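So the structure is just underneath, and the comments pick up after that.
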Ligand SMILES: [Zn+2]
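In my numbering, the protein residues as written are 4 to 134.
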């Protein structure tokens with residue numbers, strides 16, 4: 004599996020990473036070697052898409068691409084680290100939150116995969132905040 008496959012799966016709102024056939028280590032990102040044992044014997048692993056918010060940051064100084072989506076000083080966006088129910092952590096955009104009021108966003112809340120599609124661009128890995 005390569006990064007093209009990873010993004011094809013995301014387009015179908017499926018998060019498919021890898022599992023090491025030697026030590027069982029899971030990764031929700033594309034890897035060619037196991038991050039635990041450096042083995043290269045990996046299988047595809049589809050994740051449930053459910054997880055919890057571990058940490059987050061609200062960003063108001065945004066890259067050009069985000070500015071084109073309307074984000075900026077008046078409309079920050081939220082980026083977080085999601086701990087998947089299966090264990091691995093992954094960085095993703097957090098949706099369904101008011102990033103201008105970060106005090107209303109709580110870590111530990113349930114999240115659900117909600118990939119955002121943008122025309123011809125790569126899909127955006129995002130999770131919907133269910134708190
Ligand atoms: Zn391993």
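Don't be surprised by glycine CBs; every beta carbon is placed ideally from N, CA and C.
Quick caveat, the model's predicted, so the values are computed rather than measured.
If you draw a straight line from the Cα of residue 89 to the Cα of residue 8, it comes to about 21 angstroms. Distances between the C-beta of residue 61 and the heavy atoms of ligand 1 are all 8 angstroms or more.
Bridge pairing for residue 113: 55 [DSSP]. Look at residue 46 here: in three-state DSSP terms it is strand. According to DSSP, residue 130 shares a beta bridge with 97, 116. Straight across, the Cα-Cα distance linking residue 60 with residue 130 is about 14 angstroms. Taking 9 angstroms as the cut-off, the beta carbon of residue 87 is found closer than this to the beta carbon of residue 53. Its Cα nearest to that of residue 105, the residue 62 stands out among 50, 43, 62, 40. Counting along the chain, residue 18 sits inside no alpha helix (DSSP H), nor does DSSP assign it H or E at all. Contact between the stretch 40–49 and the stretch 71–87 is absent: fewer than three C-beta pairs spanning the two stretches fall below 8 angstroms.
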